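Under UniProt numbering, think of the first position of the sequence shown as 1, with each following residue one higher. Note that the Cβ used here is the ideal one computed from N, Cα and C, for glycine as well. None of the values given here were measured: they were computed from a predicted structure. Worksheet for the structure shown next.
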Amino acid sequence: MEPDNFPALYRSADGSAADAQGTYLWLIRSQYLLLTVAATISIWFGGSPDLYIGYALVLAASTGLLLYMAVQKPEKDWYGCRALAESIKTSTWRYMMRAEPFEDAPKLSDVAGKFSDFLKAILDANSHVRDSISRRPVTGDQITDQMNAVRALPLAERIQKYQADRITDQREWYVAKVKWNRRHFRLWIILCVVVQGGAIALAILRIRYDPPWMIWPTEPLLVIASSVVGWIQLKKFNELASAYNLTAHEIGILQTRLGTIDSEEKFSAFVNEAERAFSREHTQWVARQIESAS
């Protein structure tokens, strides 16, 4: 389903998570860049006094950025908004599939009221991201026409809809992320080896050939290599690839049971089991991010 068909709160949280992620990663890149610039300036030490002033200013900017990140903790907005968005998404699918706790009721308004209360409870539980969400307001309904249209479908069509737009879509997303993380892990490792190899080559060359006028960029190369290692640790390419691969297989196993569902009760139980699997992965992702930031 398209994002516009989900609750407005989901779209606000999803957009806020993307913004917060972009801001956090931009701050990390800026930190690495400032340290690289400082190391580059240090190559020319012994020349103009202005170099020392520039060096001090760059280090001051880097220190200020570090303190800002330590105090404001922008990564928490990213993790919190992402967790909120995924909680709303899984609840929305439960609502559309008539899964517990949003199973059939005499009046649709009764179920809609229960879903609204559920959204409010989720928002209250994530009150620490209210400011982030308020900076990205989204208009629209919390229960869209498309959500009610899907909910009104017969059981067989809802099963088909869930298989195509939730199970298969989610499994393909995880498989794509496994490939993406493994590919980027290899690329960053290669870059790190090349940069460190360059620093080693310069060090060996300097033993036999070191004229006074020669500039040796060993320090900037080492800072770049350290930044690459830090980026690999931050992004957790290998760890995420393994976790996503395991979840993709779990979804595949769940998918084989769809053909045996012949009642609302069985479908409700299946949807809740599948959504718990999705929620567990997102919960573990948030826990991994918080642990790495601690």
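Identity of the residue in the options nearest residue i by Cα
| i | options | result |
| --- | --- | --- |
| leucine 34 | Asp50, Ala56 and Ala13 | Ala56 |
| leucine 123 | Asn148, Arg98 and Glu86 | Glu86 |
| tyrosine 174 | Gln160, Gln163, Ser227 and Ile251 | Ile251 |
| serine 132 | Pro74, Asp169, Thr36 and Ile159 | Pro74 |
| isoleucine 43 | Pro217, Arg276 and Glu273 | Pro217 |
| glutamate 2 | Arg208, Arg166 and Ala17 | Arg166 |
| phenylalanine 278 | Thr90, Arg130, Ala112 and Leu84 | Thr90 |
| aspartate 19 | Trp78, Val37, Thr36 and Ser62 | Trp78 |
| alanine 121 | Leu84, Arg257 and Asp262 | Leu84 |
| threonine 256 | Trp188, Thr168, Ala176 and Ser16 | Thr168 |
| lysine 107 | Gly140, Ala125, Ala152 and Thr63 | Ala152 |
| alanine 17 | Ile200, Gly140, Arg136 and Arg183 | Arg136 |
| isoleucine 53 | Tyr24, Ile41 and Thr63 | Ile41 |
| glutamate 157 | Ala176, Ser62, Ala125 and Asp262 | Asp262 |
Straight-line gap, residue i to residue j (C-alpha atoms, nearest Å)
| i | j | result |
| --- | --- | --- |
| glutamine 142 | proline 7 | 4 Å |
| isoleucine 215 | lysine 76 | 42 Å |
| methionine 69 | isoleucine 28 | 9 Å |
| alanine 99 | glycine 80 | 26 Å |
| residue 363 | phenylalanine 45 | In the structure as shown, the chain starts at 1 and stops at 294, and residue 363 therefore has no counterpart that could be examined. |
| glutamate 264 | tryptophan 231 | 47 Å |
| alanine 203 | alanine 60 | 29 Å |
| alanine 248 | glutamine 170 | 8 Å |
| leucine 51 | alanine 39 | 12 Å |
| leucine 65 | glutamine 31 | 7 Å |
| glycine 22 | serine 268 | 37 Å |
| leucine 155 | tyrosine 162 | 10 Å |
| asparagine 245 | arginine 208 | 50 Å |
| leucine 67 | phenylalanine 185 | 29 Å |
| alanine 13 | arginine 82 | 7 Å |
| leucine 187 | valine 193 | 10 Å |
| leucine 258 | isoleucine 159 | 8 Å |
| arginine 280 | isoleucine 190 | 33 Å |
| methionine 97 | arginine 130 | 29 Å |
Neighbourhood of residue i by C-beta, 6 Å cutoff - its chain only, sequence neighbours within 5 removed
| i | result |
| --- | --- |
| residue 298 | This structure cannot speak to residue 298, because the chain is shown only from 1 to 294. |
| asparagine 181 | Phe237, Leu240 and Ala241 |
| glutamine 146 | Asn5 |
| serine 127 | none |
Reduced DSSP category for residue i - H, G, I as helix; E, B as strand; rest coil
| i | result |
| --- | --- |
| leucine 153 | coil |
| asparagine 126 | coil |
| methionine 69 | helix |
| phenylalanine 185 | helix |
| glycine 140 | coil |
| lysine 107 | coil |
| isoleucine 41 | helix |
| glutamate 219 | helix |
| phenylalanine 102 | coil |
| residue 301 | Coverage of the chain is limited to positions 1 through 294, which leaves residue 301 absent and any answer about it impossible. |
| aspartate 262 | coil |
| proline 49 | helix |
| glutamate 275 | helix |
| methionine 147 | helix |
| arginine 280 | helix |
| arginine 135 | coil |
| glutamate 2 | coil |
| tyrosine 209 | coil |
Residues near residue i in its chain [Cβ-Cβ closer than 8 Å; skip 5 each side]
| i | result |
| --- | --- |
| valine 195 | Leu221, Ile224, Ala225 and Val228 |
| leucine 119 | Pro7, Leu9, Ile88, Ser91 and Gln142 |
| leucine 254 | Ile167, Phe270, Glu273, Ala274 and Ala277 |
| valine 37 | Val58 |
| glycine 198 | Leu221 |
| serine 62 | Gln31, Leu34, Leu35 and Ala38 |
Span of the alpha helix (DSSP H) around residue i
| i | result |
| --- | --- |
| arginine 166 | Where arginine 166 is concerned, there is no enclosing alpha helix (DSSP H), given that its DSSP letter is neither H nor E. |
| glycine 80 | 74-96 |
Chain-order list of residues whose beta-carbon lies under 7 Å from that of residue i (same chain, five-residue window excluded)
| i | result |
| --- | --- |
| alanine 112 | Ile143 |
| alanine 105 | Val111 |
| valine 178 | Ala241, Tyr244, Asn245 and Ala248 |
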